[in-house]
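Numbering (the UniProt record's numbering), first residue to last: 1 to 159.
Input: a single structure, listed below in structure tokens.
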Amino acid sequence: MKTLILYYSYGGNTRSTAEMIRQVTGGDMEEIRTVKPYTGSYNAVVEQGHREVNSGYMPEIEPIQSDLSQYDKIILGTPVWWYTFAPAVKTFLTENSLAGKKVWTFATNGGWLGHTLEDVKKICAGAEVKEGLNIQFNGQKMKTPAEQVRSWASKIAED
1 MKTLILYYSY GGNTRSTAEM IRQVTGGDME EIRTVKPYTG SYNAVVEQGH
51 REVNSGYMPE IEPIQSDLSQ YDKIILGTPV WWYTFAPAVK TFLTENSLAG
101 KKVWTFATNG GWLGHTLEDV KKICAGAEVK EGLNIQFNGQ KMKTPAEQVR
151 SWASKIAED
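Now the structure itself:
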């Protein structure tokens, strides 16, 4: 079974977590990128994200280079934006079907997971959505023990 770690990262925390998971699973890795990157101060981007989540906005994303049909397992990484997945992840999940795949989600956040993992289950029709992982950060420092992330990734590798 082939594994793809697919993630969106604004500040780098989701990217560093995806790399940690790749080291354990040996999966391929690809970043979801918006066509127009977010710019401005952290607070300005937070406010923009708030507006986007509330309005259901989906930013245009760069085409994914990986052929999703070649993967049985998808590990999806997202920062939590206003209690759910980032708008770029919503765009990806709306434009691409993960039906028939096993999907694990990890969500990076500063302490408020919200309904992120449940929202992924709702939008991934036809996929087998497995147990997700809440990964907390304080700024750039991971608060969730790294061993917890590695253990979660090991279970995926064995599934």
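Heads up, the beta-carbon is just placed ideally off N, CA and C, and yes, glycines get one too.
Verify whether the separation of the beta carbon atoms of residue i and residue j is less than 7 Å.
{"i": "K121", "j": "V129", "result": "yes"}
{"i": "G77", "j": "T14", "result": "yes"}
{"i": "T25", "j": "T3", "result": "yes"}
{"i": "M20", "j": "I5", "result": "no"}
{"i": "P145", "j": "T108", "result": "no"}
{"i": "V149", "j": "C124", "result": "no"}
When you compare each of the options to residue i by their alpha carbons, which one comes out closest?
{"i": "G27", "options": "E95, Q70, V53 and N96", "result": "Q70"}
{"i": "W81", "options": "A157, E158, S9 and I5", "result": "S9"}
{"i": "S97", "options": "R51, P79 and G126", "result": "G126"}
{"i": "Y42", "options": "E62, R51 and G11", "result": "G11"}
{"i": "Y7", "options": "G40, H50 and E62", "result": "E62"}
{"i": "D159", "options": "E131, Q140, K141 and E95", "result": "E131"}
{"i": "D119", "options": "F85, A99 and E147", "result": "F85"}
Would you mind giving the Cβ-Cβ distance between residue i and residue j, rounded to the nearest angstrom? I have them listed as a contact below 8 Å.
{"i": "D72", "j": "M1", "result": "4 Å"}
{"i": "K101", "j": "I64", "result": "The pair is not a contact, with the Cβ atoms about 14 Å apart (cut-off 8 Å)."}
{"i": "Y83", "j": "G111", "result": "Their Cβ separation, rounded to whole angstroms, is 11 Å, which puts Y83 and G111 out of contact at 8 Å."}
{"i": "L117", "j": "T105", "result": "6 Å"}
{"i": "V53", "j": "P87", "result": "7 Å"}
{"i": "V89", "j": "I32", "result": "6 Å"}
{"i": "Q23", "j": "Y38", "result": "Not quite, the Cβ-Cβ distance comes to about 27 Å (not below 8 Å), so this is no contact."}
Under 8 Å: do the segment 132–144 and the segment 47–67 share three or more Cβ pairs, one atom per stretch? Flag = no, the segment 132–144 and the segment 47–67 do not touch.
Mind pulling the alpha helix (DSSP H) runs of 4 or more residues that sit fully within the UniProt domain "Flavodoxin-like" (3–157)? Taken in chain order, the whole alpha helix (DSSP H) runs of length 4 or more contained in the UniProt domain "Flavodoxin-like" (3–157) are 13–25, 42–55, 87–95 and 116–123.
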